[in-house]
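Let me begin by presenting the structure, written as structure tokens, before commenting on it.
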């Protein structure tokens with residue numbers, strides 16, 4: 067491939083399909099032909115408002131970090147993958163030398179290079195060079211779409227680990243978006259006795275029910291004493307009151323994990339939660355999750371393709387990134403930089 071088309075955001079709210087240089091892999095990098103890229107809410111945020119927390123778009127940017135593809139070239143020192151491998155891509159490359167990296171917390175590396183996080187370009191491109199140690203071969207049974215979904219599945223995995231989920235726990239998941247649905251599947255796979263998913267969207271709750279979960283319409287149970295029915299809370303909605311209300315539902319010694327970057331400060335009744343010794347953990351990305359994510363999918367314990375509702379060609383990237391606002395009853399969009407795989411998947415299908 068001599069051309070290298072990419073969906074470039076030259077400025078906030080604008081996307082253009084451009085040819086960009088074909089990267090030459092360094093000794094430890096591999097060149098990957100990108101086959102599938104999932105759209106994340108962070109892509110939409112960068113496109114529409116230009117920042118998430120302290121990460122601010124200050125120049126042209128290529129979006130996309132949920133990705134899978136095929137290795138088409140490798141650097142001289144690469145030993146973990148070879149040309150022809152179908153791979154899932156872990157989008158963050160650490161320095162591997164700092165205190166956090168040496169302690170195994172490489173996702174907290176101060177020099178972390180994360181795809182589609184300013185100033186680093188992402189995966190909405192036909193060919194991408196990336197550290198080969200961030201690539202994980204896929205079994206033949208897994209599609210590229212499923213490989214790309216290992217990224218949001220990893221968020222769910224890390225949420226369960228941060229909440230110290232134990233077999234037999236009763237789990238409440240607030241927010242039935244893509245991460246919430248996947249976190250619920252992880253909790254079940256890791257031995258939860260019961261998983262309840264809540265949301266305000268009947269469309270999303272129906273998807274949760276179709277996957278075998280009990281559901282609850284958010285806000286229908288009072289957030290007060292007498293309604294404690296969970297050991298673990300996985301807060302995946304980002305709603306301003308969801309964390310505080312969910313904490314009330316936790317039993318003594320309950321554990322909670324709040325997923326993602328909160329949009330505003332959260333007020334918590336700590337003095338009243340103290341008597342139950344509730345533990346609250348924040349979730350910033352993940353570490354050491356890809357092998358487990360691939361095993362969960364390939365074994366059938368996690369159905370990641372269930373959350374995919376729409377597929378797009380690279381030329382329709384803007385439509386994919388704005389899907390949630392245009393189509394409320396949607397979940398996950400996947401973009402194919404090399405073109406949709408077959409005639410059975412026309413643009414913007416459900």
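Residue numbers (the numbering used here): 67 to 416.
For glycine and all other residues, C-beta sits at the position ideal for the given N, C-alpha and C.
Source: prediction; values computed, not measured.
Residue i burial status per 10 Å Cβ neighbour count (16 or more: buried)
{"i": "residue 207", "result": "exposed"}
{"i": "residue 415", "result": "Per-residue confidence for residue 415 stands at a pLDDT of 39, beneath the threshold of 50, marking its modelled position as unreliable; the derived number appears in the next sentence. Per the 10 Å Cβ criterion, exposed."}
{"i": "residue 215", "result": "buried"}
{"i": "residue 312", "result": "buried"}
{"i": "residue 352", "result": "buried"}
{"i": "residue 361", "result": "exposed"}
{"i": "residue 117", "result": "exposed"}
{"i": "residue 303", "result": "buried"}
{"i": "residue 247", "result": "buried"}
{"i": "residue 293", "result": "exposed"}
{"i": "residue 397", "result": "buried"}
{"i": "residue 444", "result": "Here the chain has residues from 67 to 416 only, and residue 444 is not among them."}
{"i": "residue 60", "result": "Beyond the ends of the chain as shown, which are 67 and 416, falls residue 60; an answer cannot be given."}
Separation of residue j from residue i, as counted between CA atoms
{"i": "residue 162", "j": "residue 172", "result": "7 Å"}
{"i": "residue 375", "j": "residue 388", "result": "14 Å"}
{"i": "residue 146", "j": "residue 198", "result": "7 Å"}
{"i": "residue 328", "j": "residue 305", "result": "8 Å"}
{"i": "residue 167", "j": "residue 357", "result": "18 Å"}
{"i": "residue 301", "j": "residue 142", "result": "44 Å"}
{"i": "residue 405", "j": "residue 191", "result": "11 Å"}
{"i": "residue 238", "j": "residue 71", "result": "43 Å"}
{"i": "residue 336", "j": "residue 383", "result": "43 Å"}
{"i": "residue 144", "j": "residue 93", "result": "7 Å"}
{"i": "residue 78", "j": "residue 282", "result": "37 Å"}
Below-8 Å beta-carbon distance, residue i vs any chain D residue
{"i": "residue 70", "result": "Looking at the structure shown, chain D is missing, and only one protein chain is on hand."}
Same chain only: Cβ atoms within 8 Å of residue i, ignoring 5 sequence neighbours per side
{"i": "residue 256", "result": "226, 231, 233"}
{"i": "residue 409", "result": "Unreliable placement is indicated for residue 409, whose pLDDT of 44 sits below 50; the coordinate value is still reported in the next sentence. Cβ within range, chain order: n/a, list empty."}
{"i": "residue 349", "result": "221, 224, 225, 228, 323, 324, 325, 326"}
{"i": "residue 164", "result": "175, 176, 177"}
{"i": "residue 308", "result": "240, 241, 284, 301"}
{"i": "residue 193", "result": "67, 70, 88, 89, 97, 98, 99, 100, 138"}
Contacting residues, own chain, Cβ-Cβ under 7 Å from residue i (five flanking each side not counted)
{"i": "residue 212", "result": "363, 370, 371"}
Close-in-space but distant-in-sequence residues of the same chain around residue i (CB under 6 Å, 5 per side omitted)
{"i": "residue 386", "result": "105, 378, 399, 401"}
Cβ separation of residue i and residue j, assumed to be a contact under 8 Å, to the nearest whole Å
{"i": "residue 219", "j": "residue 368", "result": "6 Å"}
{"i": "residue 128", "j": "residue 381", "result": "Not really, about 15 Å apart at Cβ, beyond 8 Å."}
- alpha helix (DSSP H) runs contained entirely in the stretch 268–303, provided each spans 4 or more residues: 268–276
- Item | Residue ranges of each alpha helix (DSSP H) within the stretch 70–104, 4 or longer | none
- Task: Please list the segments of the beta strand (DSSP E) lying wholly inside the stretch 144–186, counting only runs of 3 or more residues, in order along the chain.
- Result: 152–155
- Ranges of the beta strand (DSSP E) found wholly within the stretch 305–333, counting only runs of at least 3: 316–325
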